[in-house]
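Just so you know, we're using the UniProt record's numbering here: the sequence shown kicks off at 1 and counts up by one.
From the three backbone atoms N, C-alpha and C, an ideal C-beta is built for every residue, glycine too.
Every value quoted in this text rests on a predicted model; they were computed, and no experiment measured them.
One structure is given below, encoded as structure tokens.
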Amino acid sequence: MPARRQTSDTVPVSRLWASGGAHLWPSGGASTGHSHPRGHLVYAARGVLSVHTETGTSIVPANRIAWTPAGFAHYHRAHGDTDMRILFLPPSQARLAPDRPAVFAVSDLARELILTLTGPGNYDGTARAYDPAAQSRMRRVLVDELDRAQENPLHLPEPHDDRLRAIARRLYDTPADNTALADLGRAIGASSRTLSRLFQSELGMTFYEWRTQLRVYHALILLAEGHDTTHTAHACGWSNPSHFIAAFTNLVGATPGRYRAGRGSP
């Protein structure tokens, strides 16, 4: 999915160790496509991440944590200056997670656990590091917390039908476009009934549900870049900011104001 890029003073910094990693990325920074021999969790301690796989794009704001199984091809992109944390799970704990990419709501406990397990003590040799047995116990508690949370995705599935892809390209570039589905269909030579059926059969949602998810995705990017709620609402297609706030809160679990202030907890 195309993403806005902006200049930033953040210097890309990557640290990887046996059980995890920490990456500081400027807005627009992205990894290359890759996979890992172990499944891993990613969390944005600051900024917004998107995780891209063949199934689509998962958006990972500060109140979500994403899981990618071992061997699953993916890449990450940062929106806003982003502090990305990565935690690998051993097979004994990874088997408790789904066998496909997933996104979970993150509790306060889960957030503190992943920040502890990926904090400076893990790579700078200070006394703040926990011994392997303690780290294993914390990972198990984290996995239990995610199991209790259940899945709570902000997922934008990737269309494959050429007609849907044409609509997607247009709305990726101009999320504020309010053109009705029937008019979009006339532009690409398909009826609104055909397109509605394709959205349901291929993406599992209506056109309007998909467009709302796309707009909230772009709203997360704009908020991460420092834009206020009113500007973000209008830039993403809502003429009434209160309608935007309701849609955003329904999908993200926090109001735009709370999320922008860094209190995006569920």
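_Just to confirm my understanding: we take Q6, look at its own chain, exclude 5 residues before and 5 after, and list those with CB closer than 7 Å. What are they?_
Because the pLDDT at Q6 is just 38, under 50, the model does not fix this residue reliably, and the value given afterwards should be weighed accordingly. So the qualifying residues of the chain are S27, G28 and E225.
*Report the partner residues of V60 according to the DSSP bridge assignment.*
Per DSSP, L49.
*If you drop the 5 nearest sequence neighbours on each side, which residues of the same chain put their C-beta closer than 8 Å to that of N178?*
Taking N178 as the centre and dropping the five residues before and after it, the same chain places the C-beta of G237 closer than 8 Å to its C-beta, in chain order.
*Counting only runs that start and end within the stretch 134 to 189, where is the beta strand (DSSP E) found for 3 or more residues in a row?*
Entirely contained in the stretch 134 to 189, the beta strand (DSSP E) runs reaching 3 residues are, in chain order, 155 to 157.
*Would a C-beta distance cut-off of 8 Å place A78 and L49 closer than the cut-off?*
In this structure, L49 lies closer than 8 Å to A78 by Cβ.
*Could you check what DSSP says for D228 in three-state terms: helix, strand or coil?*
D228: coil per DSSP, three-state reduction.
*Taking P91 as the reference, which of P132, M138 and H40 has the closest Cα?*
Checked all of P132, M138 and H40; the closest Cα to P91 is H40.
*asked:* Going by C-alpha to C-alpha distance, which of P69, R38 and A62 sits closest to I221?
replied: The residue from P69, R38 and A62 with its alpha-carbon nearest to that of I221 is A62.
*Can you tell me the Cα-Cα spacing of L109 and E145, whole angstroms?*
C-alpha separation (whole angstroms): 8 Å.
_Please classify D81 as buried or exposed, where buried requires at least 16 other C-beta atoms within 10 Å of its C-beta._
D81 is buried by the Cβ-count criterion.
*Taking 8 Å as the cut-off, decide whether the C-beta atoms of D83 and R46 are in contact.*
Here D83 is near R46, since their CB atoms are less than 8 Å apart.
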